[in-house]
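Heads up, the thing below is written out as structure tokens.
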Amino acid sequence: MGEPEEDFAPGEGPAAKVSVSLRAGNIRAIKERVGARGFSAYVDAAVERQIERDLLEEALQANEAENGPVPQVFRDEAAELFRQVKSAPELQGDGGWHAHEAS
1 MGEPEEDFAP GEGPAAKVSV SLRAGNIRAI KERVGARGFS AYVDAAVERQ
51 IERDLLEEAL QANEAENGPV PQVFRDEAAE LFRQVKSAPE LQGDGGWHAH
101 EAS
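Have a look at this one:
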């Protein structure tokens, strides 16, 4: 690798080759979804989304530590909104709901 990783924020910087181990079923599912040529981009996008989720979870925990837990009524409202989004006709395909594919 040319530049140290710490010089770049998540989602930024040049691509670098690394070795990772994935479950065979995940490899097959990715290849079926994006093909062999889109594999790296798909995995990179998934990693970036996970980092965003981790940061969001940390922010939520910090908020709860400062302000107390989110009231159940708001949690229920968010869960219902998510169910509605997942069932939206435009997100339904052959096998049901799918996350947005990596570009």
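Sequence positions in the sequence shown follow the UniProt record's numbering and run 1 to 103.
Just so it is clear, CB atoms sit at the ideal spot from N, CA and C, and this is done for glycine as well.
All values reported here derive from a predicted model rather than from experimental measurement.
#1: Can the beta-carbon of Y42 be found closer than 7 Å to that of I27?
#2: Look at the Cβ atom of I51, then the Cβ atom of P10, and state whether they are nearer than 7 Å.
#3: State the beta-bridge partners of Q84 as determined by DSSP.
#4: Where V70 and E64 are concerned, what is the direct C-alpha to C-alpha distance, given to the nearest angstrom?
Quick answer:
#1: no
#2: yes
#3: In the DSSP output, where bridge partners are listed per residue, Q84 has none listed.
#4: 7 Å
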